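For the sequence shown, the residue numbers in our numbering are 55 to 482.
Where a beta carbon is used, it is the ideal one built from N, C-alpha and C, also for glycine.
As the structure is a prediction and not an experimental result, all values here were calculated from the model.
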Amino acid sequence: MSVVAVIGGQWGDEGKGKVVDLLAANCQVVARYNGGNNAGHTVVNQFGKFFMHLVPSGIFSPKTVCIIGNGTVINPKSLLEELGTLRKAGAELARLLISDRAQIIMPYHLRQDQLEEAARGRGSLGTTGRGIGPAYADKHARLGIRAGDLRDEALFREKLAFILELKNRLLVQLYGAEPFFLDQVYEEYVDYARTIGPWIGDASATMRECLASGQNVLLEGAQGTMLDVDFGTYPYVTSSTTIAAGGYAGAGVPVGYPVQGVGVFKAYTSRVGGGPFPTELFDEVGERIREVGHEYGTTTGRPRRCGWLDVVASHYSVAVNGLSSIALTRMDVLDGLPCLQLCTAYKYGDQTLTTVPASVEVLQQCEPIYEEMPGWQESTSGCRTYADLPQNARRYIERLEELLTCPVDVVSVGPGREQTIVRRPFFA
Ligand code: GDP
Ligand code: IMO
Ligand code: MG
Numbered sequence: 055m056s057v058v059a060v061i062g063g064q065w066g067d068e069g070k071g072k073v074v075d076l077l078a079a080n081c082q083v084v085a086r087y088n089g090g091n092n093a094g095h096t097v098v099n100q101f102g103k104f105f106m107h108l109v110p111s112g113i114f115s116p117k118t119v120c121i122i123g124n125g126t127v128i129n130p131k132s133l134l135e136e137l138g139t140l141r142k143a144g145a146e147l148a149r150l151l152i153s154d155r156a157q158i159i160m161p162y163h164l165r166q167d168q169l170e171e172a173a174r175g176r177g178s179l180g181t182t183g184r185g186i187g188p189a190y191a192d193k194h195a196r197l198g199i200r201a202g203d204l205r206d207e208a209l210f211r212e213k214l215a216f217i218l219e220l221k222n223r224l225l226v227q228l229y230g231a232e233p234f235f236l237d238q239v240y241e242e243y244v245d246y247a248r249t250i251g252p253w254i255g256d257a258s259a260t261m262r263e264c265l266a267s268g269q270n271v272l273l274e275g276a277q278g279t280m281l282d283v284d285f286g287t288y289p290y291v292t293s294s295t296t297i298a299a300g301g302y303a304g305a306g307v308p309v310g311y312p313v314q315g316v317g318v319f320k321a322y323t324s325r326v327g328g329g330p331f332p333t334e335l336f337d338e339v340g341e342r343i344r345e346v347g348h349e350y351g352t353t354t355g356r357p358r359r360c361g362w363l364d365v366v367a368s369h370y371s372v373a374v375n376g377l378s379s380i381a382l383t384r385m386d387v388l389d390g391l392p393c394l395q396l397c398t399a400y401k402y403g404d405q406t407l408t409t410v411p412a413s414v415e416v417l418q419q420c421e422p423i424y425e426e427m428p429g430w431q432e433s434t435s436g437c438r439t440y441a442d443l444p445q446n447a448r449r450y451i452e453r454l455e456e457l458l459t460c461p462v463d464v465v466s467v468g469p470g471r472e473q474t475i476v477r478r479p480f481f482a
């Protein structure tokens with residue numbers, strides 16, 4: 055029995071979907087434990103190319119139970135669209151299980167997300183606009199609707215009526231926005247509930263049974279460590295616990311089970327949305343990485359900001375998650391660059407920082423201190439063993455292992471499943 059958590063090591067979009075799809079064949083359970091349809095996990099396999107927003111990327115593995123855990127927030131409309139696409143492609147959906155404790159994203163959450171972003175003006179966070187922050191805020195304010203609530207229509211209506219009254223006061227009186235109508239929201243959600251109802255159940259009980267019977271479990275993180283609500287670049291973060299520890303609470307894994315953390319990192323850095331990014335490139339190298347790497351958001355299509363690999367943030371991520379393994383993706387995007395830079399420290403005034411400061415205002419003023427590495431001119435996308443990689447690519451990886459004090463066990467050289475070099479398997 056192993057529990058492996060696949061975590062975004064940076065600011066999201068590291069290639070978690072690819073890694074989960076690859077590992078799922080060795081797991082009986084794959085569970086999403088945080089976030090909602092702000093995530094976009096790309097999977098490229100024999101079924102086609104898919105953008106997974108909420109359904110675990112293990113759904114293509116024929117025997118794997120796929121759990122949408124209690125720590126997630128669910129937009130039922132978006133989920134139904136996603137399930138429709140997967141069904142058409144031939145994926146087997148009978149093994150999907152939605153936690154009855156997961157929170158439901160309501161239409162007022164989307165409206166609130168937009169209004170709050172607009173109110174922040176120039177300081178807007180650049181959210182995905184999917185209502186994620188307001189849905190988590192309501193969860194913690196104990197004003198949330200949970201998936202299980204949708205199964206009892208009368209009780210759902212009663213809860214919604216109370217919440218909607220408060221929401222409408224906020225929307226109308228604070229923001230001068232239009233109110234929502236109870237009947238309309240109720241009818242819409244009751245319809246969703248009738249369709250997703252059969253998948254809703256006690257997912258944490260299933261998780262405990264699977265663990266007790268010695269099954270391999272994979273926890274699929276969404277977003278990334280630097281977007282974690284506690285450890286990320288607050289307030290430029292998402293509203294959930296993205297780090298590996300979030301897997302315990304968000305998927306209902308009892309603490310007696312050790313979780314092995316696998317961090318997915320790009321061979322460089324990207325970020326979408328606002329907030330500090332010390333190694334961001336504004337020159338032709340940044341532009342080249344964006345174009346060669348097709349660095350445009352999977353969920354929103356926004357251009358991603360690109361830059362050199364931030365070793366300070368990555369090392370912090372290894373430490374905060376307790377990672378024992380790294381999957382390094384997108385090595386091929388660096389092919390042909392004459393030299394590469396690794397940011398090994400930050401300069402802040404006359405100080406040298408080697409870890410990520412809590413203050414976003416401090417981080418915003420940090421300048422990267424770089425170590426230069428030679429690039430490689432050969433194409434890596436056809437490499438299938440570690441020895442196939444150009445010598446300078448191997449040097450880059452080995453230097454990273456030294457700096458991050460963590461082994462790079464998987465190297466990815468393209469989006470396809472086969473474009474992967476596995477140096478050490480995660481599941482025995
Ligand atoms: P996630 O959110 O972490 O699952 O990552 P996304 O799917 O949002 O973004 C990763 C993108 O990189 C997707 O388009 C993947 O198909 C692609 N990808 C994954 N690994 C590699 C790789 O090694 N090389 C290249 N060129 N693309 C990759
Ligand atoms: P995956 O799982 C990259 C970013 C948004 C914004 C901030 C807050 O595909 O890696 P939110 O809508 O969550 O309130 O937005 O977080 N963000 C992501 N960036 N990948 C993601 O998911 C993201 N999910 C949210 O761009 O900066
Ligand atoms: Mg993504």
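Within a Cβ cutoff of 7 Å, which residues of the same chain sit near isoleucine 297, ignoring the five residues on either side of it in sequence? In the sequence shown, residue 297 corresponds to position 243, counting from 1. For isoleucine 297, where only same-chain residues beyond five positions count, the Cβ hits under 7 Å are Ile61, Thr279, Asp282, Phe285, Val374 and Asn375.
Spell out a yes or no on whether the stretch 209-225 and the stretch 257-270 are touching, meaning 3 or more CB-CB pairs, one atom from each, closer than 8 Å. no
Quick one: give me the first and last residue of the alpha helix (DSSP H) that asparagine 222 is part of. Mapped onto the sequence shown, residue 222 falls at position 168. Residues 207-223.
Could you have a look at leucine 272 and say whether DSSP puts it in helix, strand or coil? Sequence index remark: in the sequence shown, residue 272 carries index 218 (1-based). If DSSP states are grouped into helix, strand and coil, leucine 272 belongs with the strands.
Tell me, which residues are paired with methionine 427 by DSSP? As a working mapping, residue 427 is identified with position 373 in the sequence shown. The partner list for methionine 427 (beta bridge, DSSP) reads Leu394.
Whole runs of the beta strand (DSSP E) within the stretch 135-205, excluding any shorter than 3 residues: 150-153
Would valine 467 and cysteine 420 be called neighbours here (beta carbons separated by less than 8 Å)? Residue numbering aside, residue 467 sits at position 413 when the sequence shown is read from its first letter. Residue numbering aside, residue 420 sits at position 366 when the sequence shown is read from its first letter. Their beta carbons are not under 8 Å apart, which means valine 467 does not touch cysteine 420 by this criterion.
Please identify the residue among Ala59, Ala305, Trp65 and Met55 whose C-alpha is closest to the C-alpha of glutamate 334. As a working note, residue 334 is residue 280 in the sequence shown. Selected option, being the one with the closest Cα: Trp65.
Using a Cβ-Cβ cut-off of 6 Å (strictly less than) and excluding sequence neighbours within five positions of proline 411, which residues of its own chain qualify? For the purposes of this step, residue 411 is taken as residue 357 along the sequence shown, with counting starting at 1. If we look at proline 411 and ignore the five residues flanking it on each side, its Cβ neighbours are Leu417.
Inspect the CB distances between the stretch 97-110 and the stretch 126-140 and report whether three or more fall short of 8 Å. Enough Cβ pairs lie closer than 8 Å, so yes.
Local conformation of histidine 369 per DSSP, three classes: Numbered from its first residue, the sequence shown carries residue 369 at position 315. For histidine 369, the three-state secondary structure derived from DSSP is helix.
Apart from the five residues on each side of it in sequence, which residues of its chain come closer than 6 Å, Cβ to Cβ, to leucine 204? The count along the sequence shown starts at 1 and reaches residue 204 at position 150. Contacts found: Phe210 and Ala247.
Residue environment, proline 116, which counts as buried when at least 16 other CB atoms sit within 10 Å: Locating residue 116 in the sequence shown gives position 62, where the first residue counts as 1. Exposed.
I'd like to confirm something about tyrosine 290: is its beta-carbon nearer than 7 Å to some heavy atom of the ligand IMO, or not? For the purposes of this step, residue 290 is taken as residue 236 along the sequence shown, with counting starting at 1. Yes, the Cβ of tyrosine 290 comes within 7 Å of a heavy atom of the ligand IMO.
Distance, valine 84 Cα to leucine 77 Cα: Reading the sequence shown from its first residue, position 23 is the one you call residue 77. Reading the sequence shown from its first residue, position 30 is the one you call residue 84. Taking the straight line joining both Cα atoms gives about 10 Å.
In this structure, what does DSSP give as the bridge partners for phenylalanine 319? Counting from one through the sequence shown, the residue named residue 319 turns up at place 265. DSSP output for phenylalanine 319 lists Leu382 as bridge partner(s).
Return yes when the C-beta of arginine 184 is under 7 Å from any heavy atom of the ligand IMO, and no when it is not. The residue you call residue 184 lines up with position 130 of the sequence shown. Yes, Cβ of arginine 184 sits closer than 7 Å to a heavy atom of the ligand IMO.
According to the neighbour-count rule (16 or more other Cβ atoms, all chains shown, within 10 Å of its Cβ), is arginine 223 buried or exposed? Residue numbering aside, residue 223 sits at position 169 when the sequence shown is read from its first letter. Exposed is the call here.
If we count the other Cβ atoms within 10 Å of its Cβ and call it buried at 16 or more, is histidine 194 buried or exposed? For the purposes of this step, residue 194 is identified with residue 140 of the sequence shown, where counting begins at 1. Classification for histidine 194: exposed.
Looking only at C-alpha atoms, which of Gly198, Pro444 and Phe101 sits nearest to isoleucine 128? To locate residue 128, count along the sequence shown from 1; it is residue 74. Checked all of Gly198, Pro444 and Phe101; the closest Cα to isoleucine 128 is Gly198.
Would you list the residues whose beta-carbon is nearer than 5 Å to any heavy atom of the ligand MG, in the order they occur in the chain? Every residue whose beta carbon comes nearer than 5 Å to a heavy atom of the ligand MG appears here in chain order: Asp67, Gly94 and Thr352.
For the beta strand (DSSP E) containing cysteine 264, list its first residue and its last residue. Counted from its first residue, the sequence shown places residue 264 at position 210. Cysteine 264 -> not in any beta strand (DSSP E); alpha helix (DSSP H) instead, spanning 257-266.
Using the rule of at least 16 other Cβ atoms within 10 Å of the residue's Cβ for burial, across every protein chain shown, is alanine 276 buried or exposed? Position 222 of the sequence shown, counted from the first residue, corresponds to residue 276. Classification for alanine 276: buried.
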